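Below is one structure; the comments refer to it alone.
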Amino acid sequence: PKIHCMSTYFYSTLTRSGSVDYSRVRRWTSKVDLFAMDKIIVPIHLGAHWTMAVIKVKENHIDYYDSMGSSHHCVFDLKKYMIEEYKDKKK
Numbered sequence: 001p002k003i004h005c006m007s008t009y010f011y012s013t014l015t016r017s018g019s020v021d022y023s024r025v026r027r028w029t030s031k032v033d034l035f036a037m038d039k040i041i042v043p044i045h046l047g048a049h050w051t052m053a054v055i056k057v058k059e060n061h062i063d064y065y066d067s068m069g070s071s072h073h074c075v076f077d078l079k080k081y082m083i084e085e086y087k088d089k090k091k
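So in the working numbering, spot 45 of the sequence shown is number 45, and the numbers just go up one at a time.
Structure, rendered in structure tokens:
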């Protein structure tokens with residue numbers, strides 16, 4: 001499978017303003033076609049601990065893993081990111 005791992009700074013940079021700001025990370029994937037990947041691994045630091053999201057591109061699905069069992073709005077943020085990425089890179 002084709003897998004791309006995002007930087008540990010990706011999610012915090014994407015949401016630094018309190019909401020998704022695609023312009024902050026737009027160029028991070030200039031040399032990578034995320035839509036050609038099978039999975040995209042996104043490490044997410046929530047301040048107290050790390051979680052992880054796995055975007056299954058071909059399945060249009062995002063899995064979220066948190067050892068503390070809590071939920072977080074990052075899945076919605078990542079969905080917004082993927083929509084913006086598609087609009088920008090697949091025009």
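Backbone N, C-alpha and C fix where the C-beta goes; we use that ideal spot for every residue, glycine too. In this text the structure is predicted, and so the values were computed from the model without any measurement.
Residues Ala53 and Ile62 of the same chain have their beta carbon placed closer than 6 Å to that of Leu78, with the five preceding and five following residues left out of the count. For Ile55, same chain residues with a beta-carbon under 7 Å away, outside a window of 5 residues either side, are Lys39, Ile40, Val42, Ile62, Leu78 and Met82 in chain order. Taking the Cα of Ser71 as reference, the smallest distance to any Cα among Arg27, Gly18 and Leu46 is reached at Leu46. As summarised for the stretch 5–63, the continuous beta strand (DSSP E) elements at least 3 residues long and confined to that stretch are 39–45 and 50–56, given in chain order. The beta carbon of Lys2 lies closer than 6 Å to those of Met37 and Asp38 in the same chain, with the five residues before and after it left out.
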